[in-house]
Each structure stands twice: as structure tokens, then as C-alpha cells.
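Beneath this line is the structure, given in C-alpha cells, with notes to follow.
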Ligand SMILES: Nc1ncnc2c1ncn2[C@@H]1O[C@H](COP(=O)(O)OP(=O)(O)OP(=O)(O)O)[C@@H](O)[C@H]1O
Ligand SMILES: [Mg+2]
């Protein structure tokens, strides 16, 4: 364990019966880093988090979290982390303060120190003045912030957030993420899973999980450069509406993929193909407006899923793998 | 206080306070824990009458002699059987038995008096509705008991007639005297059992649903990721309900003493000690059920699967010796049985610890075993 790694994961695996939910995943997370974990439903994100939090024993492999091994000392791990589970995890019938008193007490805080921490944390998550509100009466966004408060009350060095913004409106999401960034800049390591690609852009590094494996891990820019290396163009106008527009564009040398986007089309080109915008416009029967576009993490996600599917297909063709 | 201890106490307090806050938020729960047991006690106390008397009886006297009338009067004398109908024939009487108008039919055949006078063996018939076995036993016993005595009396009279002047037959008279419950009052006998059943229902079911609810809501995961030790969590979750249980049992014996004149002859300290041992088991079963249930509904059902047979096989309602032979050993697995035996002994007989040590030991063993099982199952589910 190097001093600048908050989390070190080594070939971590978890099976449920014959099914492998997490398959030999390895990575490190630096101190104060915001580490994003992306993946489809059932990819194994929550299972990974639950192992890292000491809630679920790994079947094989191991991880060191905040200096403690999850396989041998899950209790030590628990003392040094905060965790916000994917499911709503507050007592709805209790007041905000009562919920925080319980979780603070469970983490071993008591007396005046606990009261001070509750006041500070409520301030920090922007819930000053809501201490006496019944939790069930709060809107979803505020409840998520109460849950976050419960997870950081004891000032953990690492916070695990499992889809913290699921089902929350965009304004509340933005607010939540500015809290996460504040926490990280104060030195807290953040491990966060999400389905929202725009949120993944906020992360220093992103791991992409596909069917229990972690085939891609890099900064958002690095991922884009690796998985969506060529130029991208958006085409709008009458020419893009032609029935055979897709086929015509795919016929242009260097174009590898064409997808509809809004009212127009989006063409992805191979790396080093140096396809020009005019060439695409010329291929269409009517006038179009062509604009260069930038890669998104969604492109990366689709490319990685594609590559994984191909790799598995190839493995099967050779009679190996699963 | 050492820092570790201080932290543990703080953690325990956090759980207890949370449980109390949650429970007091819920009006139905407060009713279930305090008012309902009291009402149940009254209901059970007044409604269940295990004493058998005034069993409706039909008399078919086909003989119409002084002997037959005397026999009938004798059979009805002790009040167990109440003469309510006089059908003209046996088939008529059977119809009354069938439709439930009467539960017992006494039939004295023609020639009964004549045969008795001649010293020829004779028969009187007693038909008993067997749907209620306790009643059937008692009613049948009352009728045949009288006839048995009557036969003995006649025999003695005949022998005595042949004895030389001045000598009498030796005789033994059995006069049963009931101890501890001389008036044979049902509530006195029932209240200890009812108290045990109330505790069983409240603690087992409420505790089993408590943990299942946290699992269902998703809060259990949030609790388990905190460094709260499992035993602290468990103790904190059950302690409030043990206190409620002790409160309810206090209510039960107080109401029992005032309303039903249940005596409190033994030591209260011993009574509460036994109750605490018993609660260890009922709460332990609740915890165990909650570790094998995913939802509150399953927990509720699971709780009942334990509670119902425990109540039926405790000896509260049906005496254990009246159960089928194969079933009797099963009652040795039943904590309610031992609790009830001990409480009856302490309250009604003033038993000391030595006299209930077997029951106390059984409760302790069951309590520790089920607690250990529940805790280990809870831990195992984590990984
Ligand atoms: N306790 C369990 N027993 C059996 N299978 C499980 C268990 N927990 C998870 N799984 C399976 O493991 C796989 C991964 O689940 P996981 O919850 O980690 O996915 P996820 O990436 O978090 O998905 P989501 O985005 O839906 O939250 C799923 O197929 C799930 O059904
Ligand atoms: Mg998940």
C-alpha cells in the first residue's frame, strides 16, 4: 500500500453460486480522487462497492481500503469509510436530526461532539434549518443530502456513493455534485457509481464495468482518446433526412458508424482516416450543414461494450472462455 | 470509563433511542404493546371457562319406578349435569344430542328398578357428545361415577344383610381436596399461562418484524456498514421490548390479583427473574425468525408458526397429560411450558428457586441456544 492510494483492489472477485458478479477486478484510487464507476444494470457495481465496504466477503482476490484488508478486517474498513447505499437508507418516520443522531451514535460519536458534528454537517450539505423536519416529508434531493450527511458525519477519509443521484431532478443532481467536489477538494476520497454519463465527466478517473469485468479505466479524456479516436461530425438539414442517408455516409471511406441524433445524423470516423466534412456533405443528395463534434463518455461506453462483446464472441469461436 | 466502553454504551444508546422513537411514532404499535395485552387478559380471563358444570342433559326414563327416579336424581345431584329435556324415547334423545341441544343423555331402560330389586345385573346407558373432550370426560365421569358408587352401595347393603348383628362392613371413602386452587377458579389457573402467551406474542412477533422491516426498507445495509457490533445492535433492538414485556407481565399479574383474585404467594424477584429468562427465549426466537425472513410478512408468519404450537403445546389450555402420548415429549421443547409451570408454582404455591430450578435451567439453556443461533445466522448473512 503506497501512501497516496486510498483504495487498492487486486483481482477482486465475487461469485453467487455459478454466476460471477465481479470478475477479477483490479485498480487503485488515489487520495482525494473522485473515482467514477460506470456500468449497465447488473454489471456488478454495487457488488464491488459492497465488498470494498466490508459488507460482502470476496470469493477471491482482495482489496485494501483505508489501510485495512476487506477480507480479514472488514470492521476496520467500516470505521474509516462512509457509505451511501443505492437504496434509500434513512428512517422515514424519524426527524433529520434523529436519523443523524442514530448514525452518528453508531459510528461512536456522542455527547456534545455529536451535536456539533450534526450542526456542521447539516450546514455543509445545505440543510441548515431542516434538522427538525420529518425525513419522509423532504423532497428526494434533500433526502439524498441527508443520507450523504449520515455518511460523512464521522469524517471518513473515503466515501462510497452508490448511485447517489438516481431519481433526483437535474438541479438537485448538480447541487449534489458540487457537494461531492467540495468534499474531494477537502481531501476526502470519493468512489461513486452512476448511470449518468454527464456525471462521469466530473470524475478524475472512470472505470467501466461490463458484465463483472473492468475492461476500461482512465481519465475521461484518456478513455475518449482510446475508444473514440477518430473525428466525429453532426449533419443536419434535408440531406440528412434522405432514406439512404446512412448507407451513403457509411460508403464514404473512413466512416465507421452513423447514428441518428436529434433531427440529424452523427458520423464517427476511423482514427487517422482524416475524413473531411465536405466529403460527407458531398455524399448526400441534398444540402446539409456539417459540424465537427466531440466524443462523449456515452460513445466510450458503447464502444467498450461493443469491444467486449466481440472479444467474447471471438473467445467462444475458438472454443475457450465462457 | 474506558473509551471503548464509553463508545459501546453510546452505540447501544443510539440503537435503543432509535427503536423507542420509531415505536412511539407508531400509534398502532403503542396500542399493540400496552392496551391490547390488557384487553386480551380480561377477555381470556372472563371468556375461557374450563370448569365443566351445568352440562345440558336429557333424561329418558323408560322404567318409571322409584328406583329409576332415585338414580336419576343421584346422577344430577352434584350440579355437573343439568336436566334440561325429557324426551319420550331414545331416538328422540339422540336427535337432541345431534343438534346440540344437549350434550349428555341418560337412559334408564324398562325393568331397571325390578332388576335392581332382584339383584340381577342391570344397565343404565349414558350417551355423551364427545366433540369437547374435557366436557365429555367430566360429564361421563360424573354419570358413571355415581352409578359405580350406587352399585357399591347396593352390594354393601346386600352383604350387610347377611352379616351377624352388630357388625358393619369396613369402608373407605375418598374425599378429594384440591390444593392451591381450592375453588377451582379458572382465572387463577389461567392467568400465569395467559401472561406467558402475551409475552410470547408481543416479543417474538414484534422483534421478528423489527429486523425484517429494516431489511425491507434498506436501512439494515446502512446500519451494517457502520462499526456497530452485531451484539450491540441486537441487544439495542430487543432491550426496549424486554422492558415492554416486563411492563405487560406486571400489568397481567396486577390485573390478575385485583380482578381474578390470583394470589401472589412467591417472591416477585424470582418471578421477574424467571420472566427475564423466558424473554431471552421469546426474543431470541423473534431474532432468529427475522434472520430467515426477507419481508415483514414472512417474519409475521414465521413468528406465528412458532407462537401457535407453543401456545397449544404449553399445557395452558390442554393439560399435557391429556395430549396424545407421542405429543407429550414435544412439550419439553416448549419454553412456554416451563415458564408457565414456574409461574404457576411461584404465584400459586409460593415456590422457591429450588423448586423451579429445572424450569429456570431449561429456560436459560433454550434462551442462550436460540440467541447464539440467531446471532450467528445474522453474522453469516453478512458474507
Ligand atoms: N446476493 C446476491 N445473490 C445472487 N445474485 C446477486 C446478489 N447480489 C447481486 N447479484 C447479481 O449480481 C449481478 C450484479 O449485481 P449488482 O447489484 O452488483 O449490479 P449493479 O451494477 O449495481 O446494477 P444496478 O445498476 O442495477 O445497480 C446482478 O446480476 C445481480 O442479480
Ligand atoms: Mg447497483
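Residue numbers (this note's numbering), protein chains in the order written: chain U, 9 to 330; chain W, 2 to 384. Think of the CB as a built atom: it goes at the ideal place given N, C-alpha and C, for glycine as much as any other residue. Remember, it's a predicted structure, so these values are computed and weren't measured experimentally.
Residues near residue i by beta carbon distance below 6 angstroms, same chain, minus five either side
i: residue 66(W); result: 114
i: residue 62(U); result: 78, 82, 85, 86
i: residue 126(U); result: 108
Min CB distance residue i to chain U below 8 angstroms
i: residue 378(W); result: no
i: residue 12(W); result: yes
i: residue 23(W); result: yes
i: residue 19(W); result: yes
i: residue 217(W); result: no
i: residue 229(W); result: yes
i: residue 213(W); result: no
i: residue 26(W); result: yes
i: residue 222(W); result: yes
i: residue 333(W); result: no
i: residue 226(W); result: yes
i: residue 15(W); result: yes
i: residue 358(W); result: no
i: residue 345(W); result: no
i: residue 136(W); result: no
i: residue 338(W); result: no
i: residue 8(W); result: yes
Beta-bridge pairing of residue i - partner residues as DSSP gives them
i: residue 275(U); result: 241(U), 266(U)
i: residue 57(W); result: 83(W)
i: residue 202(U); result: 46(U)
i: residue 68(U); result: 21(U)
i: residue 217(U); result: 47(U)
i: residue 225(U); result: 215(U)
i: residue 259(U); result: Answer is none; residue 259(U) lacks a bridge partner.
i: residue 197(W); result: Its beta-bridge partners do not exist; DSSP assigns none.
i: residue 62(U); result: Paired residues: none, contrary to the question.
i: residue 190(W); result: Answer by DSSP bridge pairing: none, since residue 190(W) is not bridged.
i: residue 77(U); result: 72(U)
i: residue 92(U); result: 169(U)
Close beta carbons around residue i, own chain, < 7 angstroms, minus the five adjacent residues each side
i: residue 69(U); result: 18, 19, 20, 21, 32
i: residue 217(W); result: 296, 297
i: residue 102(U); result: 143
i: residue 237(W); result: 13, 16, 17, 20
i: residue 244(U); result: 271, 272, 296, 297
i: residue 356(W); result: 346
Beta-carbon proximity list for residue i, same chain, < 8 angstroms, skipping 5 on both sides
i: residue 88(U); result: 73, 74, 75, 76, 164, 165, 166
i: residue 279(U); result: 237, 238
i: residue 231(W); result: 376, 379, 380
i: residue 307(W); result: 205, 286, 290
i: residue 41(U); result: 14, 192, 197, 198, 212, 213
Contact with chain W by residue i, beta-carbon distance below 8 angstroms
i: residue 9(U); result: Model confidence at residue 9(U) stands at a pLDDT of 49, short of 50, so the residue's coordinates are unreliable and nothing is read from them.
i: residue 180(U); result: no
i: residue 81(U); result: no
i: residue 316(U); result: no
i: residue 102(U); result: yes
i: residue 134(U); result: no
i: residue 53(U); result: no
i: residue 61(U); result: yes
i: residue 113(U); result: yes
i: residue 21(U); result: no
i: residue 175(U); result: no
i: residue 93(U); result: yes
i: residue 99(U); result: yes
i: residue 116(U); result: yes
i: residue 207(U); result: no
i: residue 77(U); result: no
i: residue 344(U); result: Residue 344(U) falls outside the range modelled here, since chain U spans only 9 to 330, and no answer is possible.
i: residue 24(U); result: no
i: residue 109(U); result: yes
i: residue 96(U); result: yes
Residue i: CB within 7 angstroms of a non-hydrogen atom of ligand 4
i: residue 27(U); result: For the structure depicted, ligand 4 is absent and the ligand set comprises only ligand 1 and ligand 2.
Chain C within 8 angstroms of residue i, Cβ atoms only
i: residue 29(W); result: Absent from the structure is chain C; the protein chains it does hold are U and W.
Review point. Hey, which residues come within less than 7 angstroms of ligand 2, measuring from Cβ to any heavy atom, in chain order?
Key: 53(U), 54(U), 94(U), 170(U), 171(U), 201(U)
Exercise for review: Could you pull out every unbroken alpha helix (DSSP H) segment of at least 4 residues lying fully inside the segment 104-184 of chain U, listed in chain order?
Suggested key: 104-114, 119-132, 148-160
**Study point:** Any beta strand (DSSP E) of 3 or more consecutive residues that is wholly inside the segment 72-141 of chain W
**Key:** 82-86, 105-109, 126-129
Exercise for review: Output the residue ranges of the alpha helix (DSSP H) runs that lie fully inside the segment 244-327 of chain W and measure 4 residues or longer, sorted by chain position.
Suggested key: 269-293, 297-313
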